[in-house]
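Chemist: Residue numbers 794 to 1029, in the numbering used here, belong to the letters of the sequence shown in order. There's a structure below that I have some questions on.
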Amino acid sequence: MKRDLEGKMALVTGAATGIGETIAKRLIEAGARVVLAGHGVTPRAGAKAMELDVRDEDALAKAASAFGVLHFGVNVAGITGPAGSETEAVDAKVFREVIDVDLTGTFLSMKAELPRIAQSGGGAIVNLSSANGLVGLAGMSAYTAAKHGVIGLTRTAALEYATQNIRVNCVAPGYVATPRMLETPRDVLDGMARAHPMKRLATREEVAELVLFPLSARASFITGAVVPVDGGFTAQ
């Protein structure tokens, strides 16, 4: 897979921490040159760091053009929003913020990436949804709606760009052991682990490995796919 990624240019949003940081690290290790986009990103060898908000269309356009050409987009940036409130009790401003970051932010990222990937002769995009983009989750209406939307956006773009040598796929993680997630009280974490048939959380590395595959030439006939990495959560 390293041969497929070496020398390619990639944009990763949400690259400062967590899953996005790990994906960016793996791309760099595979020889890709990466634009690290997000809040609090730091420069590293083989990469450019660009502070931006994924709701800023102009900033995303600059990030997608940072290396002159672009082959891959990996759209990770997102927020969960507050949990525990039934739909009628969710503040509309809070709902809109989650949709704006998670769904509109993914749309704007793709809007910046797609023409630049086309100009480079083709490539691939991977969007990060969630296992909760495939099922309902009580108490998290905004997040669940946004992540369902990311899947619909992914499938639509896959159809639109299939003849332009651009593949668009989606990865849907279950609960992942990110630094922020591990700040959750132990009893809550244990409950999250039990929600997966494999009785543990995913690691960031497990998600990153799955993301890299659909970027590679080994996945040359895969587009419009939504692949869970959820320890069996959505199989229940």
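Heads up, the beta-carbon is just placed ideally off N, CA and C, and yes, glycines get one too. As the structure is a prediction and not an experimental result, all values here were calculated from the model.
Are the CB atoms of residue 1007 and residue 917 nearer to each other than 8 Å?
Modeler: Yes. Within cutoff.
Chemist: In terms of residues, what are the limits of the beta strand (DSSP E) holding residue 844?
Modeler: Run containing residue 844: 840-844, per the beta strand (DSSP E) assignment.
Chemist: Report the three-state DSSP secondary structure of residue 933 (helix, strand or coil).
Modeler: If DSSP states are grouped into helix, strand and coil, residue 933 belongs with coil.
Chemist: My guess is that residue 925 and residue 933 are in contact by the Cβ rule of under 8 Å, so how many angstroms apart are they, rounded?
Modeler: The Cβ separation is near 7 Å, so the contact holds.
Chemist: Sort 869, 867, 861, 890 by Cα distance to residue 875 and report the nearest one.
Modeler: Of the listed residues, the one whose Cα sits closest to residue 875 is 890.
Chemist: Are the Cβ atoms of residue 790 and residue 1010 separated by less than 8 Å?
Modeler: With the chain running from 794 to 1029 in the structure shown, residue 790 is simply not present.
Chemist: Which partner residues does residue 991 have in the DSSP bridge list?
Modeler: Paired residue(s): none; residue 991 is not in a bridge.
Chemist: Go ahead and label residue 975 buried or exposed: buried means 16 or more other beta carbons lie within 10 angstroms of its beta carbon, across all protein chains shown.
Modeler: Exposed, by the Cβ-count rule.
Chemist: For residue 847, which of 841, 857, 838 has the nearest alpha-carbon?
Modeler: Taking only the C-alpha atoms, the option nearest residue 847 is 857.
Chemist: Taking the alpha-carbon of residue 941 as reference, which of 988, 960, 965 has the nearest alpha-carbon?
Modeler: It is 965.
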